[in-house]
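Chains B and H supply the protein sequences, listed in that same order. Each residue of the first sequence is one higher than the one before, starting from 97 at the first, in our numbering. Each residue of the second sequence is one higher than the one before, starting from 77 at the first, in our numbering. Don't be surprised by glycine CBs; every beta carbon is placed ideally from N, CA and C. First comes the structure, then the notes that go with it.
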Amino acid sequence: MPFDDNTPYEIEELPDGRAVIKFAPICDHQRLDEHENQLNSVVEQHTAVACDMSETKAIASDWLRWIARLAIKAEKAGTIFALADVDDGVRQTADLLGIQESLRVVDSVEDVWTL
Amino acid sequence: MNPDEIRAARRARGWTQADLAKRVGCGQSTISMIEKGTRDAPLIMAEVERLLLQDEDRPVAASQALHFVLPELDRLTLSPKLPITVDRWQRPEYTGDFLYVQPLAGDAVLVVAVDVAGHGTSAMPAGLYLQGWLRGWMQRQSAPPRLESLVIEMSGELRRTGVDATGFFALISRHRGRPHTVTYEAITCGFPAPLLMTETPAATLDSAGAGPSLPVSDQEQLQPVRQEVSAPWRLVIATDGMLGRLGSRDEQAGLRKVRKWQSGAERDLPLESYLTTKDSVVDDELLVLLRWDGWDIDMPLDADNHSERHRVVGMVEAALEPLGKDRQARLLQALVEAMSNVRRHAYGGQSGALRVRFREEEKSFRLEILDEGVDKVTTALTSRPKSGFAVMNAGANDFSVRRSRAGGTVITLVAKK
């Protein structure tokens, strides 16, 4: 899937209030207000959101921290929110940043719908 | 000028043939033959005409003029196979000294530096003549020359012509099969000992010490220094006149100054910044800095250009395959974090110059991320231990951040094999 030069993710709307946010192979883009607003809306407007990290091999720490904040926001809003198919390098980065507790990680996107 | 005009111009200046010969750096008999029209010596003729037509001795004027302006600095880059850059400072109108650099077959390069005795107009023709002789000698070689042969042949030529000179001769050849390693072979004949340095001051190598002054006889034992040197390295060649000015007329002080520059953070500065002294030129000068900064990848990019950043990540990723998937992923994560930090902290999220370099070394892989922005990175390193620096640190066996004296920051990531 080709990603926009300014946006490191694509949003796919699924039936039954589900959404998939697929992240780019390298997620180090400048984080903008429009990204924050857009993803906040996705979390608020859906019952389950899966972050598909299957292609993501490197992610800048500010994006990862922000995804962790998004997870907390989702929990407060009652939305199921989880990261799927996460590369070991990205997991280790989350550990180093001390945010692994905030992130729910599953093997595949399909697993998110069963949470 | 024809012979009669030369004689007339010489007499108008009140010079004898011997006076003119001394200034030109040739024998009185040569001037006599030129004035009779029986000697065809284009190089000497050019110098004779220059001397007789100019208003005053240029060396004196030049010595007064030079304090901070250094237009004579030039840079030579050899073939991509030999990523050696040569920065040369020379006073062509003031010196017979010269540097001769000749790339050879087999990824090798010959470096010859000659300090002709005397200076100014007396040394220049001899220097020009020797350069011509050296070119001719090289053209006659069917295979890469041996340094000993070159020194002996040049000595013979100096004996024949009566030119007094000292020299430094080096043959630098790329080591096959070992990336960024060269074999360094050198002979020094009465020339100030050059400095051969690696990046770490502790690893400064012995260089060729002062050997016999030229001319040497073919009976003399010439003992070339032979060493293997790994990148990054630099070779500093300076004549005594240059060292004297840099050390305020104390050559040893000048040598210490050069050594300090080349082993410290100043080593990244351009050569001209070294040469800015308040001491005026009183002697001939030649300073040469050869650097091997060979990188397998050396990519300048815009910190805010997404496509360029990802292109370099892809190139590094391919080069890091031998590390294995896990370590490759961690180092890539560190690289992405470093570039992201540069964009955010050095350039406030805006465009700015970024450079990513990668090199496979004998026992490690080295990555450098350089910027020219505001240095907030080194401060953040100490104040935010759980920041992205933890990510960079975890991705590499060695991780360092230093301020570049030229401005900006240099992040270094090293992964051992």
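Query: Three-way DSSP call (helix, strand, coil) for residue 367 of chain H in this model; Result: strand
Query: Listed by chain order, chain B residues near residue 383 of chain H by CB distance under 7 Å; Result: 101
Query: Short CB-CB distance (under 8 Å) between residue 152 of chain B and chain H; Result: no
Query: Nearest to residue 318 of chain H (by Cα), restricted to the options H/301, H/282, H/102, H/365; Result: H/365
Query: C-beta neighbour in chain H for residue 157 of chain B, strict 8 Å; Result: yes
Query: Cα-Cα separation between residue 140 of chain H and residue 438 of chain H, rounded to whole angstroms; Result: Its pLDDT being 29, under 50, residue 140 of chain H is placed unreliably in this model, and the coordinates cannot settle the point.
Query: Beta-carbon gap between residue 184 of chain H and residue 256 of chain H smaller than 8 Å; Result: no
Query: Same chain, Cβ closer than 6 Å to residue 367 of chain H, five either side skipped, listed in chain order; Result: 161, 310
Query: Near-chain B residues of the segment 390-410 of chain H - C-beta to any C-beta below 7 Å; Result: 402, 405, 406, 408, 409
Query: Short Cβ contact (8 Å threshold) for residue 172 of chain H with residue 360 of chain H; Result: yes
Query: N- and C-terminal bounds of the alpha helix (DSSP H) containing residue 105 of chain H; Result: 104-112
Query: Nearest candidate by alpha-carbon position, reference residue 150 of chain B, set B/197, B/185, B/175, B/137; Result: B/185
Query: Own chain partners of residue 137 of chain H with C-beta closer than 7 Å, once the 5 adjacent residues on each side are dropped; Result: Unreliable positioning characterises residue 137 of chain H in this predicted model, as indicated by a pLDDT of 30, which lies under 50. A coordinate reading is not provided.
Query: Neighbour list for residue 192 of chain B in chain H, Cβ cutoff strictly below 7 Å; Result: 466, 467, 470
Query: Nearest-angstrom beta carbon gap, residue 124 of chain B and residue 416 of chain H [assumed within contact, 8 Å]; Result: 5 Å
Query: Per DSSP, cross-strand counterpart(s) of residue 433 of chain H; Result: H/374, H/444
Query: Residue 100 of chain H versus residue 163 of chain H - alpha carbon distance; Result: 28 Å
Query: Residues near residue 161 of chain B in its chain [Cβ-Cβ closer than 7 Å; skip 5 each side]; Result: 193, 195
Query: Whether residue 125 of chain H touches residue 77 of chain H by CB criterion (8 Å); Result: yes
Query: Straight-line gap, residue 316 of chain H to residue 262 of chain H (C-alpha atoms, nearest Å); Result: 18 Å
Query: Contact with chain B by residue 386 of chain H, beta-carbon distance below 8 Å; Result: yes
Query: Minimum C-alpha distance to residue 158 of chain B - residue among B/180, B/138, B/131; Result: B/131
Query: Residues from the segment 111-122 of chain B in contact with chain H, defined by Cβ distance under 7 Å; Result: 122
Query: Closest Cα partner of residue 180 of chain H within the set H/211, H/205, H/202, H/206; Result: H/211
Query: Rounded C-alpha distance that separates residue 484 of chain H from residue 450 of chain H; Result: 6 Å
Query: Those residues which DSSP pairs with residue 257 of chain H across a bridge; Result: H/306
Query: Sub-8 Å separation of residue 206 of chain H and residue 189 of chain H beta-carbons; Result: no
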